[in-house]
Structure formats: C-alpha cells, structure tokens
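Shown next, in structure tokens, is the structure this report addresses.
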Amino acid sequence: MNESENMTRDVAAPVRDNAEVVEALNRRYEAGFVTDIESDSLPPGLSEDIVRQLSAIKGEPEWMTDWRLAAYRHWLTMPEPDWAKLDIAPIDYQSVSYYSAPKAGPKSLDEVDPKLLETYEKLGVPLHERARLAGVAVDAVFDSVSVGTTFRKELAEAGVIFCSMSEAIREHGDLVRQYLGSVVPTADNYFAALNSAVFSDGSFVFIPSGVRCPMELSTYFRINAINTGQFERTLIIVEDDAYVSYLEGCTAPMRDENQLHAAVVELIALERAQIKYSTVQNWYPGDENGVGGIYNFVTKRGDCRGADSKISWTQVETGSAITWKYPSCILRGDRSVGEFYSVALTHHRQQADTGTKMIHIGKGTKSKIVAKGISAGRSSNSYRGLVKIEKGADGARNYTQCDSLLIGKKCGAHTFPYMEVKNPSAIVEHEATTSKISDDQLFYCLSRGIGEEDAVSMIVDGFCKQVFRELPMEFAVEAKKLLEVSLEGAVG
Amino acid sequence: MHMLTIDNLHARVEGKEILKGLSLAVKPGEVHAIMGPNGAGKSTLANVLSGRDGYEVTAGSVNFDGRDLLALEPEERAAVGMFLAFQYPVEIPGVNNTYFLRAALNAQRKFRGEEELDSMRFLKLVREKLKVMQISDDLLHRAVNEGFSGGEKKRNEIFQMAVLEPKLAILDETDSGLDIDALKQVAEGVNALRSPDRSFLIVTHYQRLLDYIEPDFVHVLAGGRIVESGDKSLALKLEEQGYAWLADTHPELRKADLAGAPA
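Structure follows, in structure tokens:
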C-alpha cells in the first residue's frame, strides 16, 4: 500500500504562551494514524461489472445482486444534488475503490490480525475482553468489512441477532429481504442509491418481540485504506415491545485527499418498540486550510411503524470536512414519538449541513428536536429541519429548539427550519437562539482561576448539556473530550 | 509589609485616561473602602487589578504579595490569591454551580502546585463553607448564576470567595441592587471571612454597606486618583456633604469630577 506518512502539520501560533496548549494543538486529531496492513481492494471505478464483482466477493444470493444492480442503474439517471449550503469540490466516482478488505478475511475474533486489534485498541474500542469489561457488544467495521462482533453468544441467548450486514444477507436473508430498503428506498436520493449499489458491509440488528436488549450495541467505523469510500449499511429491526440502544463511533486517518463516506441507516420500530441510536462522529476533518477530510454524506431514517413506538436519535458531530445528514423519523404509528438531539461542531474550514425530518402521519404523534450548532474558525454550520404534519395526524405535536454558538468572527451559523402543517389540530413550536461566548463569561471564568481553553470548553459543554444528557454515560464523556480537543485554539 | 501596593497607576479605557496616578497601600487584614462619585474610576480600578481585557495600563506599578501583579494573566492573579466579587455576576447556562467552583479551586491549586481536591473532599469543604454564607442546595446545583435573583447572585459571589479563600478580595459595588436584608446577609458573610491575613478592597458608591462592614480606611477616588483618605468618619462626612467640598482642597478637580453625589 502506498501510504503517506506525512502527518506533521503547521500549527497556528497559540494565543497564550502555554506549553500545554501547544501540545494539545499538536495532538488535535488523535485518531489520525494509518495501520499498515495488507488489504484486498477492487480497482478504482464503478460499473455494473464492479457491482457484480462486489456482490460475488461477498457470496451474495442473486436477489441481492439484482437489488444492487437496480439501484446502480437508477443512480446513473440521477443528478448530483446541490441544494445544501455546502461548497463541495467535484467528486470523481471513478477514482474511488468500492471495496477494500484486510487480506485473509477473519472468521472469528481470534483470527483477526493483531495489527487491526491494535488499531482498535489505540482508538479505545472495547473489542475482545475489553468489551466484556465495558459491557458493550461491538461490531467493528474496518474499511469495508466487519472484523468481528463481540458478545455474540450472550446476545444469541436473548434471541438478539447482532452481526455484520454481509453475514445477515447470508444467514438471515428473509429478514434482510423483508426490511432492507423499506425505510430508505434505493431511489430515495443520490447517495442512498450509490450506497445501495455498492455498500460493502455494516451492522444488522434484530430484537425479537418483548426482548429488552441486555446490553448496548455498538459499531465502530474506521476508514483506513487510501482512496476508498466507505459505504456501510445498517439495518435495525425492533419488534413489538422490544428495546435497543445502539451506539456508533467513527474515525479515519489524516490524509490530504478527501474520502467519501456515504452510509445508509434504516431503523424499524414496531408496536411499542423503542430504539435509541447514538452517534459520535469524529471522521478526519481536514487540516486548518481545508485540505483533506471525509465527506460524510449519510442517509439515516427511522420508521415508527407500530403504534406507541419511539425512535430517538442523538448525534455529536465534530469530524468530517463536510457533514451532510438528516437523521429522520417517520411517525407512522399512532402516538409514536420521534426525538432528535444534536451537537454539531465545526472549526477551521469544516462545513456542516445537518438536521432532521419529522414526518407526522399517525394520530397523536409527538416529536422533539434539540439542535446545538457550534461554529469556530472559518467554518460554516447550518441546521436544516423539516417538520411535516400530514392530514391524518390529529393532535400531533412538535417542539423544536435550535441554538447556535459562535466562537470568533469568521464563522457562520444558519438555520433553515421548514414546516408543512396539513392538520389544524397540530401544535408546532419553534425556538431559535444565536449567541456568542461573551467576553463577560470568559472573564468571569478567568477571574476565578480557570484558564482560557478550559473556560471555553466549559461554556461549550454547558451549551451542549441538553444533548449530552441523552447520550449513554461513556459516550457522553467521550463526546465532551472530543469537543475539547476539536475546539483547541479556537479562541483568540 | 504591605499586601498590595499600587504606585502612580495610570490606565486607559478605549483610549481615554481614567486612572491618573492612583496610589494605595493595603496591609494584611485591613479593610479599605474606596468611595467616589460616578465615573471617578472605581470600577476601572477593580478591573485593572483583576486583569480584564480592554484596560490598558500606561504607567505605574502594582505589587501584590511580592509579585508584579500586572505581569500576571487574570487566572494567575486568581491563583496567587486575588478575588473579584462582580458587580454583575455572569450567567453560564448549563454549567453546574458546584462543578464550576470545583474547577476554579482545582485550577488554582494546580497552579500553586497543590494537590487537587477530589469530589468527596470538595463536598466536605463546600459543607463547611455553607456555614459562612448560606445558599440553598438548589442554588448549588443550578447552572452558574442562571435565573438567580440579584441577592442570590451576590451571595453566590461571597460563597465562592469563602471556598477560594483569597488573600485579597475586591468587592465591586457588591451592595448595588440589594435590599437591606440581602445587604445584611452579604455583609455578614464578608465579616465572617475577615481575618488577620486577608485584606478587602470595598468599592462602593454608598455609605450604607459600611454600616455593616466596618472599614479600617476610607478613600475618596476622584478624577482618577485617591484625593482623600481617612477613617470611617470620612464616609459619614461624604454621606452628609457629598463630594463638592473636595474642590476647596483640590483645586485641580473639575466640577464634573465631583458631580455624582451619594444618595
């Protein structure tokens, strides 16, 4: 593999002559290492042949291959969207490799390349015994394939299926066939169509009726190989009266090229089912001048198909050069509930256009949106959200709160709330604020002995409190640390 | 030995000279009141001493406990024992009041090379200090100053002072906006914190706070300098006669310098 090891980066002069700050600036992106591991990749380029090869490598049944091909053919007819408030350099889809796997595919955790495990250890992923201690079942996706799923036996006893998507297609074909694409159809949007054609792996979760998943399930995504895209596909099905909490974390090495990440996540909640989906996204954001970084174009959607079901999205987005995603809820079942809690932080030249869609179809459906945007440097941070109340959604309610925090003078924050209300009995509330970290707040902290960097992260942490509260505890700690690291050098 | 020595201090705000050769010396354990008409530079003095941005020192020196105070960053001044009780305490939404205070105390201890307090030991300290300045459990667990009443904010300042145990506390118009009961409570807290090795600089527009916190010295700040110093009787004289009489002994003061009379 032709790896660029050049990881030194110019560091802007710190505001204060403070050795710790300088050190912190230098270690800003801690997940930026490359693992030297042999991998099998498909040659760059995209064609029907590549899609067929990909499907063949994975030993997929014919229906899956056909499904992919249909998606690919549709993708060819679609124009690349440009409606978001984003400035995107053209993407050459023919220069991307659509499949990269570590050589000698692992059959079980014990066979996983020790170097891979080391990578995850560096990242703090609790794989192996660490998982047991942490009590989290992890499915780790490295480039394109799922390298191992912990806690399988324990989960199987509870009747829970938690495995890689590839395995699910082989072993649980009926379930996959029934639900795949039922929330995000292949033709939904440009990147969803692309994903449907070339998705290489991802996680599959099935919680049978009445089961409360005994532990938090977690996927860790990492892009390692150069010039690869990561197109993972996650499908979570929770049957009547069942519950699952699912966590997702992401990192990638530092590279000068942009890398594409176009995932699709589908959640299905049946009668009285509850799904809690938490994301901490820390893809490489590019350097201070906007060179490199991940394009994070993701379609996430949950379908509250059953009455009294609930889907809750919580996301902390600090990474990626460009983030473009709207985790959404279709509130189909009567009295179903959708929630979206988001912290999106942009620094330097990062761009984010993120938010949610809450589609109220059933009677008495409720949704709550709490979106916190933090902009620093020369970044641009947009909230875009749609609240749609359909005709039959009697007594539907929505509460939306969008707060923006600006740090410095060259960044931008934008709010694009859309509302379509077709039922007069619905109540839709929207609150929005924009604030700056005030000199008064900073000086108050300084005068008590708290240094500038700590003061800023404390104020930002306070600003995000409402969202962090929704995260599982360990994730909340990680998210807080991530914000601190991402904001270093932001004040001055 | 003086704890604080201000010598010929000149300072500008937005290009305008506000302090014009201010000198003042404070010994450990002393309580000094700084009074003066509006615009005399009282708050500027408090802000310059605590190191706020936007206040430019153009001449003079400040020695605090053997150090060149003006060379220190604001957070370092706090760590070496200076505390400013704000006229308008600032709200920090979402940041727990107790968490904030512990972060402050530990940042100061770290700077001084002392061991940081874990949450158990910190809570023990908080309980102890609640005896000095009673604030409700509710306020301890709310966000810093968020939604506090005027009196609650000022009591929170004194509570912070009790926990941080500074060598020198500057009270910037702490009495403003307080009714008489709240004023008494704050004064009681301050009095409980008086000790032979702690000094106070009480900046106030009104004499009434000094009815409850008895100063050792009273200074009149006018036209950017200390123009009169005395004991408590000076405060009473100011209350009765205002500031205009100072023009007789200080012909350099313009009428405008003495315009703001105490109520």
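Line by line, the protein sequences give chains S and E.
Mapping to our numbering: the first sequence position 373 is 394, numbers consecutive.
Mapping to our numbering: the second sequence position 167 is 491, numbers consecutive.
Every residue gets a Cβ at the ideal spot worked out from N, C-alpha and C, and that includes glycine.
Keep in mind it's a predicted model, so treat the numbers as computed, not measured.
Check whether residue i and residue j have beta carbons under 8 angstroms apart
i, j, result
"S:Val449", "S:Ser363", "no"
"S:Gln462", "E:Val372", "no"
"S:Ser349", "S:Gly323", "yes"
"S:Ala218", "S:Arg89", "yes"
"S:Ile213", "S:Val205", "In the sequence as displayed, the identity of residue 213 of chain S is Ala instead of Ile. A contact, by the Cβ cut-off of 8 angstroms."
"S:Ser266", "S:Pro493", "yes"
"E:Asp377", "S:Asp108", "no"
"E:Gly360", "E:Leu545", "yes"
"S:Glu330", "S:Gly354", "In the sequence on display, residue 330 of chain S carries Ser and not Glu. In this structure, S:Gly354 lies closer than 8 angstroms to S:Ser330 by Cβ."
"S:Gln371", "S:Ser400", "yes"
"E:Leu346", "E:Arg578", "no"
"E:Ala571", "E:Phe524", "no"
"E:Leu369", "E:Val527", "yes"
"S:Gly231", "S:Ala290", "no"
"S:Glu368", "S:Ala392", "For the sequence presented, residue 368 of chain S should be read as His rather than Glu. No, the Cβ-Cβ distance between S:His368 and S:Ala392 is not below 8 angstroms."
"E:Ala427", "S:Asp475", "yes"
"S:Phe496", "S:Ser224", "no"
"E:Ile459", "E:Phe483", "yes"
"S:Val197", "S:Leu256", "yes"
Within chain S, partners of residue i - CB distance below 7 angstroms
i, result
"E:Leu408", "Ser468"
"E:Ser374", "Ser468"
"E:Ala402", "Ser468, Arg469 and Gly470"
Run of the beta strand (DSSP E) containing residue i, from where it starts to where it stops
i, result
"E:Met406", "Met406 to Ala409"
"S:Ser349", "Ser349 to Leu352"
"E:His543", "Phe541 to Ala546"
"S:Arg73", "Not the beta strand (DSSP E): S:Arg73 falls in the alpha helix (DSSP H), residues Glu69 to Ile78."
"E:Val450", "No beta strand (DSSP E) contains E:Val450, which is instead part of the alpha helix (DSSP H) from Ser443 to Leu454."
"S:Cys325", "Gly314 to Cys325"
"S:His451", "Ile448 to Lys457"
"S:Val391", "Lys387 to Ser396"
"S:Ala119", "A small fix is needed here, since residue 119 of chain S is Tyr in this sequence, not Ala. Run containing S:Tyr119: none; DSSP gives neither H nor E here."
"S:Glu287", "Val285 to Ala290"
"E:Ser347", "Lys340 to Val350"
"S:Lys331", "Lys331 to Glu338"
"E:Ser523", "Ser523 to Val527"
Amino acids of chain E, ordered along the chain, whose beta-carbon sits closer than 7 angstroms to that of residue i
i, result
"S:Gly472", "Glu399 and Ala431"
"S:Lys486", "Gly418"
Residues that DSSP places opposite residue i in a beta bridge
i, result
"S:Phe225", "S:Cys184 and S:Leu256"
"S:Gly433", "S:Ser401"
"S:Pro438", "S:Gly406"
"E:Ala383", "E:His334"
"E:Glu552", "E:Val544"
"S:Tyr264", "S:Arg233 and S:Gln295"
"S:Lys346", "S:Val319 and S:Thr375"
Listed by chain order, chain S residues near residue i by CB distance under 8 angstroms
i, result
"E:Ile416", "Gln462, Tyr465, Cys466, Met479, Ile480 and Gly483"
"E:Gln484", "Arg469"
"E:Phe435", "Gly470"
"E:Asp377", "Asp460 and Phe464"
Under 8 angstroms from the C-beta of residue i: neighbouring residues of chain E
i, result
"S:Lys389", "None at all; the shortest Cβ gap to chain E is about 18 angstroms."
"S:Lys430", "By Cβ distance, chain E contributes nothing, its closest Cβ being about 15 angstroms from S:Lys430, past 8 angstroms."
"S:Asp475", "Ala427 and Ala431"
First through last residue of the alpha helix (DSSP H) which encompasses residue i
i, result
"E:Met485", "Gly474 to Leu488"
"S:Phe361", "Per DSSP, S:Phe361 belongs to no alpha helix (DSSP H); it is in the beta strand (DSSP E), Val358 to Thr367."
"E:Phe435", "Asn421 to Phe435"
"S:Met479", "Glu473 to Phe489"
"S:Val219", "Tyr211 to Val219"
"E:Ser557", "Lys556 to Gln565"
"S:Asp424", "Where S:Asp424 is concerned, there is no enclosing alpha helix (DSSP H), although the beta strand (DSSP E) it sits in stretches over Arg418 to Leu427."
"E:Ala516", "Ile504 to Leu517"
"S:Met85", "Glu83 to Leu97"
Chain-ordered chain S contacts of residue i [CB-CB under 9 angstroms]
i, result
"E:Lys467", "Note that residue 467 of chain E corresponds to Ala in the displayed sequence, not to Lys. Correct list: Gly483 and Lys486."
| message | Would you call the stretch 399 to 412 of chain E in contact with the stretch 420 to 436 of chain E, where contact means no fewer than 3 C-beta pairs closer than 8 angstroms? | response | yes
Between the stretch 472 to 492 of chain E and the stretch 437 to 444 of chain E, are three or more C-beta pairs nearer than 8 angstroms? no
Measuring CB atoms only, is the stretch 338 to 345 of chain S touching the stretch 306 to 313 of chain S, in the sense that at least three cross pairs come out at less than 8 angstroms?
yes
*Just checking, does the stretch 435 to 453 of chain S make contact with the stretch 414 to 427 of chain S on the three C-beta pairs under 8 angstroms criterion?*
yes
(message) Would you call the stretch 463 to 478 of chain S in contact with the stretch 388 to 404 of chain E, where contact means no fewer than 3 C-beta pairs closer than 8 angstroms?
(response) yes
So does the stretch 376 to 394 of chain S actually touch the stretch 326 to 341 of chain E, counting three or more Cβ pairs closer than 8 angstroms? no
### Task
Specify whether the stretch 546 to 565 of chain E and the stretch 383 to 395 of chain E touch according to this definition: at least 3 beta carbon pairs, one from each stretch, less than 8 angstroms apart.
no
Tell me whether the stretch 523 to 538 of chain E and the stretch 506 to 515 of chain E touch, counting them as touching only if at least three CB pairs, one residue from each stretch, are closer than 8 angstroms. yes
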